[in-house]
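Undergrad: Everything in the sequence shown is counted per my numbering, starting at 2 for the first residue and increasing by one.
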Amino acid sequence: MSRFKGCVAIINTRSGAREGASVFASALQRYLDGAGISHHDVRVPGRDILHSIKLHADAADAIVVCGGDGTLSSVANALAAARQF
Numbered sequence: 002m003s004r005f006k007g008c009v010a011i012i013n014t015r016s017g018a019r020e021g022a023s024v025f026a027s028a029l030q031r032y033l034d035g036a037g038i039s040h041h042d043v044r045v046p047g048r049d050i051l052h053s054i055k056l057h058a059d060a061a062d063a064i065v066v067c068g069g070d071g072t073l074s075s076v077a078n079a080l081a082a083a084r085q086f
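#1: Tell me the rounded alpha-carbon separation between ILE64 and GLY17.
#2: Please classify ALA10: is it buried, with 16 or more other beta-carbons within 10 angstroms of its beta-carbon, or exposed?
#3: Does DSSP put ALA10 in a helix, in a strand, or in coil?
#4: Let me know the alpha helix (DSSP H) ranges lying completely inside the region 24-52, each 4 residues or longer, listed in chain order.
#5: Does ALA61 come out as helix, strand or coil in the three-state DSSP assignment?
#6: Tell me, please, which residues DSSP counts as bridged to VAL76.
#7: Please classify ALA60 as buried or exposed, where buried requires at least 16 other C-beta atoms within 10 Å of its C-beta.
#8: Using the Cβ count rule (16 or more neighbours within 10 Å means buried), how would you classify ALA36?
This is the structure:
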């Protein structure tokens, strides 16, 4: 059985009245750290999501999306378009 590599956290810095990054830092980051899950945080202003995923996907087994429905939709569309994840 292979070991879980960790996750990539795609953080939209403009979501939640521009507080998306601080929400991640105060809640999800504590959870991931407490659970011993390694993570690479990628802060994006809503653009270049596919490029960010491609840069870091090989080092992770999961993608965590921090943002609103637009961010989630962008990540889902990027993954569907890439068809390699």
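Glycine included, C-beta positions come from ideal geometry on N, C-alpha and C.
TA: In short, the structure shows the following:
#1: 19 Å
#2: buried
#3: strand
#4: 30-35
#5: coil
#6: DSSP, once it has assigned bridges, lists no residue as partnering VAL76.
#7: exposed
#8: exposed
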